[in-house]
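K.L.:
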Amino acid sequence: ERFRRAVIEVERALARARENGDFSPLHARYSGVMTFFSGRAQLAPDDLRRCAHVSLDALHACSGDVSAQARWGGMATRILETYGDSLALRIEWRPLYDILATYLGGATEAYNGAIPTAVHIAVVSRLAQKARRHFAPDAPAQIWRLLKPKIRALDESACFEGLGLLHLLMPCSRVGKETSSGRQGDGGNTEDSNQWQLWFDEWLEMLSWMPTNRFWQCAWFAIFAQLAKHDVDSRLDWGKHSGTLHTVALWFMEVPVAGGEGGCPFGRRTSSRAAYLFSRSVNDAEQRAKFAAKVLVYRLATDFETENNPLEAEKATAAIEAIMDVLETYAHPSNAGRWTNTVATFTSHAVKYARKRIAGAKAAAAAEGDDANSKPTRAAPHASARTRFAIATTRLIDKGMYSKVAAMRYASASATRDLAYIEPEIV
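When you read off a place in the sequence shown, starting at 1, and then add 116, the result is the number in our numbering.
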């Protein structure tokens with residue numbers, strides 16, 4: 117009851133602020149509402165939904181005040197992170213796009229300082245990532261229609277900005293929620309016109325347009341990682357693009373194989389604003405290793421795929437074994453180098469994503485009565501694929517346990533702990 121009254125007071129303060137232009141009373145109520153999220157009391161879903169909407173309204177109403185937008189955006193992000201799965205929300209994507217595009221275009225109203233601007237950008241970027249699952253059903257088509265011309269303009273810096281915005285805003289989780297009309301992989305849909313297979317093929321082609329630009333490659337791989345996680349019905353044809361995905365994943369490891377350990381001396385440079393705005397999401401070596409691990413792990417063969425397409429299932433499992441075979445040499449204690457931290461990140465996150473995938477599938481199957489035809493059951497990896505993954509990863513861990521680099525030792529220890537949950541007989 118107290119939380120409901122606090123939210124109502126914020127709504128009234130926002131309405132008055134829009135009338136008289138004085139937002140001070142609105143900002144004064146921010147701390148009072150945030151205290152409810154630190155307590156243990158159960159908050160009603162309707163009140164949380166109202167609070168999420170009013171915090172987003174306050175964010176957009178405080179245009180130009182980066183500190184106020186960071187506060188109200190942080191509140192909305194916290195609600196979406198903690199309660200988003202249980203709330204039926206509808207969030208508009210265009211206002212979030214306008215905030216990010218304003219920064220990329222350099223059209224800020226005043227100088228706000230480096231630290232407030234950095235906090236503001238981080239909060240809005242995080243909010244966009246958490247809010248995208250609540251976009252309208254036709255939002256993916258609208259977002260791609262808007263950003264496609266920018267991404268295709270390779271002779272301008274707008275291509276990097278458009279790709280970064282596509283990564284933040286595209287709700288890839290809808291590929292697993294929408295019902296396919298027709299055969300697997302035809303991209304058709306009974307609910308809307310989101311042509312996921314058509315877009316997927318086009319995105320893989322665009323991936324090869326700048327093979328030497330790490331930002332370009334990593335941003336596309338971030339999108340593919342989300343698609344791999346949510347494509348529980350195997351709507352997308354991953355098999356015909358497996359060679360390209362595995363080659364780029366190996367390049368992300370930055371090990372000295374065919375000169376893949378260093379940057380290319382020629383090629384396009386990422387625009388400074390795009391590199392700064394998306395530095396926490398794609399423009400980082402650690403993020404590249406995470407995305408590579410996520411794509412490979414979430415494409416491990418499931419029971420459904422093993423029964424219906426055993427050849428592609430074998431290729432998916434063999435691909436991660438092949439990368440582990442290459443990395444085993446560079447995880448050896450006598451072969452440490454600047455690639456060791458990247459290998460450590462890949463090892464720890466590959467096991468982490470495997471554990472999360474298996475645990476999530478088991479929990480969802482138990483919640484739905486362990487229906488053999490349910491999506492969560494089909495999303496779990498096949499037993500043989502899981503065992504082969506554990507054996508391949510163990511070879512990497514055995515070497516990394518004695519590494520000279522502390523990060524590799526820690527990653528090996530944490531991966532061993534998680535593997536003991538996945539395959540205790542192997543460990």
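Where is the CB? At the ideal position from N, CA and C, for every residue including glycine.
Between the C-alpha atoms of Arg-120 and Ala-529, what's the straight-line distance to the nearest angstrom?
P.N.:
One C-alpha to the other measures close to 46 Å.
K.L.:
Please report the distance separating the alpha-carbon of His-250 from that of Arg-206.
P.N.:
Cα to Cα, His-250 sits roughly 5 Å from Arg-206.
K.L.:
I'd like to know if the region 342–357 and the region 401–414 are in contact, where contact means that at least 3 CB-CB pairs between them fall below 8 Å.
P.N.:
Short answer: they touch.
K.L.:
Looking at the structure shown, is Phe-119 part of a helix, part of a strand, or coil, going by DSSP?
P.N.:
Correct three-state label for Phe-119: helix.
K.L.:
Who does Pro-497 pair with in a DSSP beta bridge?
P.N.:
Paired residue(s): Thr-418.
K.L.:
Around the C-beta of Gly-137, are 16 or more other C-beta atoms found within 10 angstroms, so that it is buried, or is it exposed?
P.N.:
Answer is exposed; the Cβ neighbour count stays below 16.
K.L.:
In or out: Val-291 buried (at least 16 other Cβ within 10 Å) or exposed?
P.N.:
Looking at its Cβ environment, which holds 16 or more other Cβ atoms inside 10 Å, Val-291 is buried.
K.L.:
Between which two residues does the alpha helix (DSSP H) holding Leu-366 run?
P.N.:
Run containing Leu-366: 358–368, per the alpha helix (DSSP H) assignment.
K.L.:
Taking the alpha-carbon of Trp-260 as reference, which of Ala-523, Gly-280 and Lys-246 has the nearest alpha-carbon?
P.N.:
Of the candidates Ala-523, Gly-280 and Lys-246, the one whose C-alpha sits nearest the C-alpha of Trp-260 is Gly-280.
K.L.:
So Ala-483 is in the alpha helix (DSSP H); what residue range does that whole segment cover?
P.N.:
Ala-483 -> alpha helix (DSSP H) spans 456–483.
K.L.:
How should Glu-513 be labelled, buried or exposed, when 16 other C-beta atoms within 10 angstroms of its C-beta is the threshold for buried?
P.N.:
Checking the displayed sequence, the identity of residue 513 turns out to be Ile instead of Glu. Flag for Ile-513 reads buried.
K.L.:
Can you give me the C-alpha to C-alpha distance between Thr-295 and Ala-247, rounded to a whole angstrom?
P.N.:
Residue confidence for Thr-295 is low, a pLDDT of 46 falling below 50, so the modelled location carries little weight and cannot support an answer.
K.L.:
Output needed for Asn-451: all residues of its chain with C-beta closer than 8 Å, excluding positions within five of it in sequence on either side, in chain order.
P.N.:
Excluding residues within five positions, the ones whose Cβ falls inside 8 Å are Thr-445.
K.L.:
With distances taken Cα to Cα, identify the nearest neighbour of Ala-508 among Val-123, Ile-542 and Val-521.
P.N.:
It is Ile-542.
K.L.:
Would DSSP call Tyr-518 helix, strand or coil?
P.N.:
Coil.
K.L.:
What's the C-alpha gap between Asn-310 and Ala-257?
P.N.:
So the two alpha carbons sit approximately 6 Å from each other.
K.L.:
To the nearest angstrom, how far is the alpha carbon of Ile-538 from that of Leu-220?
P.N.:
Cα to Cα, the separation comes out at about 44 Å.
K.L.:
By how many angstroms is the C-alpha of Lys-406 removed from the C-alpha of Lys-468?
P.N.:
Cα to Cα, Lys-468 sits roughly 10 Å from Lys-406.
K.L.:
Which class does Asn-424 belong to by DSSP, given the choice of helix, strand or coil?
P.N.:
DSSP places Asn-424 in helix when its eight states are reduced to three.
K.L.:
Determine the DSSP secondary structure at Met-286, reduced to helix, strand or coil.
P.N.:
Coil.
K.L.:
Report the residue from Arg-194, Cys-178 and Glu-125 whose alpha carbon sits nearest the alpha carbon of Phe-153.
P.N.:
For the residues Arg-194, Cys-178 and Glu-125, the minimum Cα distance to Phe-153 belongs to Arg-194.
K.L.:
Return the Cβ separation of Glu-430 and Glu-421 in integer angstroms, given the expectation that the two are a contact with Cβ distance under 8 Å.
P.N.:
10 Å between Cβ atoms; not a contact.
K.L.:
Taking the C-alpha atoms as reference points, what is the distance between His-143 and Ala-184?
P.N.:
Approximately 7 Å, taken between the alpha carbons.
K.L.:
Quick one: using the 10 Å Cβ neighbour count with 16 as the cut-off for buried, is Arg-404 buried or exposed?
P.N.:
The residue is buried, with at least 16 neighbouring Cβ atoms inside 10 Å.
K.L.:
Count Cβ pairs between the region 324–340 and the region 270–285 that sit closer than 8 Å; are there 3 or more?
P.N.:
Enough Cβ pairs lie closer than 8 Å, so yes.
K.L.:
Excluding sequence positions up to five away, which residues of its chain have a Cβ less than 6 Å from the Cβ of Pro-141?
P.N.:
Counting only Cβ-Cβ distances below 6 Å, and skipping sequence neighbours, we find Ala-129.
K.L.:
Inspect the beta-carbon positions of Ala-192 and Leu-243 and report whether they are closer than 8 Å.
P.N.:
Yes, these two residues count as a Cβ contact at 8 Å.
K.L.:
DSSP three-state label for Phe-394, please.
P.N.:
It is coil, neither helix nor strand.
K.L.:
Does the Cβ of Arg-100 have 16 or more other Cβ atoms within 10 Å, making it buried, or fewer, making it exposed?
P.N.:
This structure gives no information on residue 100, because the portion of the chain shown stretches from 117 to 543.
K.L.:
Does the distance from the C-beta atom of Leu-568 to that of Trp-336 stay below 8 Å?
P.N.:
There is simply no residue 568 to check, as the chain begins at 117 and stops at 543 in what is shown.
K.L.:
Starting from the C-beta of Arg-299, find all residues in its chain whose C-beta is less than 6 Å away, skip the five residues before and the five after it, and write them out in chain order.
P.N.:
Any reading at Arg-299 is ruled out, since the residue's pLDDT is 37, under 50, leaving its predicted position unreliable.
K.L.:
Where do the ends of the alpha helix (DSSP H) carrying Cys-178 lie?
P.N.:
Unbroken run through Cys-178: none, as it is neither H nor E.
K.L.:
Would Ala-477 and Ala-496 qualify as a contact pair, given that the criterion is a beta-carbon distance under 8 Å?
P.N.:
Contact: yes.
K.L.:
Indicate the three-state DSSP secondary structure (helix, strand or coil) for Lys-431 in the structure shown.
P.N.:
Three-state result, Lys-431: helix.
K.L.:
Which class does Thr-328 belong to by DSSP, given the choice of helix, strand or coil?
P.N.:
It is coil, neither helix nor strand.
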